[in-house]
Every structure is written in structure tokens, then in C-alpha cells.
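Okay, structure first, notes after.
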Amino acid sequence: GQQVMQIPQYQHVQEGEDFTTYCNSSTTLSNIQWYKQRPGGHPVFLIQLVKSGEVKKQKRLTFQFGEAKKNSSLHITATQTTDVGTYFCAGPTGNQFYFGTGTSLTVIP
Amino acid sequence: DTAVSQTPKYLVTQMGNDKSIKCEQNLGHDTMYWYKQDSKKFLKIMFSYNNKELIINETVPNRFSPKSPDKAHLNLHINSLELGDSAVYFCASSQLAGGNEQFFGPGTRLTVL
Chain A
549 GQQVMQIPQY
559 QHVQEGEDFT
569 TYCNSSTTLS
579 NIQWYKQRPG
589 GHPVFLIQLV
599 KSGEVKKQKR
609 LTFQFGEAKK
619 NSSLHITATQ
629 TTDVGTYFCA
639 GPTGNQFYFG
649 TGTSLTVIP
Chain B
92 DTAVSQTPKY
102 LVTQMGNDKS
112 IKCEQNLGHD
122 TMYWYKQDSK
132 KFLKIMFSYN
142 NKELIINETV
152 PNRFSPKSPD
162 KAHLNLHINS
172 LELGDSAVYF
182 CASSQLAGGN
192 EQFFGPGTRL
202 TVL
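Residue numbers (this note's numbering), protein chains in the order written: chain A, 549 to 657; chain B, 92 to 204.
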């Protein structure tokens, strides 16, 4: 069946270090969305990419959508303690919608 | 004003009971969803409704029954609760079906004893 996997599952970084999470889908996605969930909170939409090969930036966050529209990445430059949380990719394929398995980021001050 | 609200926030109940979780959105969105998040934080879509009609119905036990009385509400009723139903349930909404930005409610933490 359809799967959207993310690696790594957990990541601990020192404050100031960079962080990257990778998202891989077994099928082509119409678009890719990224969400952030703070501990104890709910997922909050960050961004959507639609075009093959698209790259978008939000301050220290850089998002990429793969050429085949089956993978994506989120890179955070110089992490801060406010970046703590779980990052999910998500996207539709056909009339279904799937969330990735998530990457939990811990930032050590 | 809360965009997507859920009640209750916490629900503790015994195995075998029937319970409901309510969800309301005031964003004027056409599509609403129910998700289950387990202890490993995996988020799995359960149901999706567009204009009160079911459009996604993932493989969930038929003990779970969604009901959408109108576009702004999507309630989840669970019969004969089991231990494995313990999880956080999130309601969400989006402008349209088919992969728009989703707005999530605060979640309902269900504990089945």
C-alpha cells in the first residue's frame, strides 16, 4: 500500500547546528505539504510545494520537492530551541491523503 | 476565535463504552477530516467529508462512525471502545478537497481503560 516514510525518525542537534529531514513516497504526489507539531500541540501547516523540482524558503527553512514528485526535504539552518517539534510531510495521491511518519527534532541549548 | 475546535479535550472511559467527539470549524471550509495519532506520533487519516459527503474512508473498524450534520461540523462516534482505540484524535478542515492546506483542531486525547 501507499507509504510516506521520513528519515530520520528522531534527531538531536546542538543549537546552531543544521537539520534535515527527508520524505519519500512510494507513489507520485500531486503536491507536498509540510507541517510542524510542537510537543503537546497539533500539526500546523508550514508550506506547500506543487511543481516538480520546486524549492521554497521561509527564513531559515528550505523546502524542496523532488523531480519525480515522490520525495521532498526540509532543511533548517542554524537551529534554535523554538524549532523543537515533529515535522511531517504530507500529500495527496488520487483521492487519498497521506502523512509521513514524521521526524522528531530536539534542540539542545 | 478558534478556527477548528474539538470537544472534549480529554476523554477517559472504560472498555466497551460508546463515546462521541465533536468538531466544529468556523472557517467556511468545504472539507473536514478525522485523524488518529498513536503513541508513536503516526498520523493516519480516518475519514474525510466534502460538503457533508464522505470522500475518504480509510480502513477503520466500523465501530467508528463519522457524522456531518452540516458543512461546519464533523462528529466522530465510537462504539464498543477497545484498549487499542487509545490515541489522540485530530479534526481538521481545508478549503477544498484534494490537498489544500489543512487547519487542525487541538486534539482529543482518548484513554480507554
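From the three backbone atoms N, C-alpha and C, an ideal C-beta is built for every residue, glycine too. Bear in mind the structure is a predicted one, so any value in this text is a computation, not a measurement.
Listed in chain order, the beta strand (DSSP E) runs fully inside the stretch 561-599 of chain A are 567-573, 580-585 and 592-597, counting runs of at least 3 residues.
A residue is called buried when at least 16 other Cβ atoms come within 10 angstroms of its Cβ; His-560 (chain A) does not meet this threshold and is exposed.
Under the 8 Å Cβ criterion, the stretch 642-651 of chain A does not count as touching the stretch 165-179 of chain B, having fewer than three qualifying pairs. Rounded to the nearest whole angstrom, the C-alpha separation of Asn-572 (chain A) and Asp-121 (chain B) is 29 Å.
Excluding the 5 residues flanking it on each side, Phe-613 (chain A) has same chain C-beta neighbours closer than 6 Å at Ile-580, Leu-597, Glu-602 and Ser-620, in chain order.
Within the same chain, and ignoring the five residues on either side of Gln-105 (chain B) in sequence, the residues whose Cβ sits closer than 8 Å to its Cβ are Leu-172, Val-203 and Leu-204. Look at the stretch 190-201 of chain B: the residues with a C-beta under 9 Å from a C-beta of chain A are Gly-190, Asn-191, Glu-192, Gln-193, Phe-194, Phe-195, Gly-196, Pro-197 and Gly-198. Under the 7 Å criterion on CB atoms, His-560 (chain A) is classed as non-interfacial with respect to chain B. Within chain A, Gln-585, Thr-634, Gly-650 and Ser-652 have C-beta atoms less than 8 Å from the C-beta of Lys-132 (chain B), given in sequence order. At a C-beta separation below 8 Å, Phe-181 (chain B) has these neighbours in chain A: His-590 and Pro-591. Within the DSSP secondary-structure output, Gln-97 (chain B) pairs in a beta bridge with B:Cys-114. Look at Ile-112 (chain B): its C-beta is not under 7 Å from any C-beta on chain A. Between Thr-610 (chain A) and Asp-566 (chain A), the CB-CB gap reaches or exceeds 7 Å.
Counting along the chain, the unbroken beta strand (DSSP E) around Pro-160 (chain B) starts and ends at 155-161. Residue pairing by DSSP leaves Ile-146 (chain B) without any beta bridge partner. For the options A:Leu-622, A:Thr-641, A:Gly-589 and A:Val-632, the alpha carbon positioned closest to that of Lys-604 (chain A) is the one of A:Leu-622. When 8 Å is used as the limit between beta carbons, Ile-169 (chain B) is near no residue of chain A, the shortest such separation being about 20 Å. In the DSSP assignment, Ser-130 (chain B) falls outside any beta strand (DSSP E), carrying neither H nor E. In this structure His-168 (chain B) is in contact with Ser-111 (chain B), their Cβ atoms being roughly 5 Å apart against a cut-off of 8 Å.
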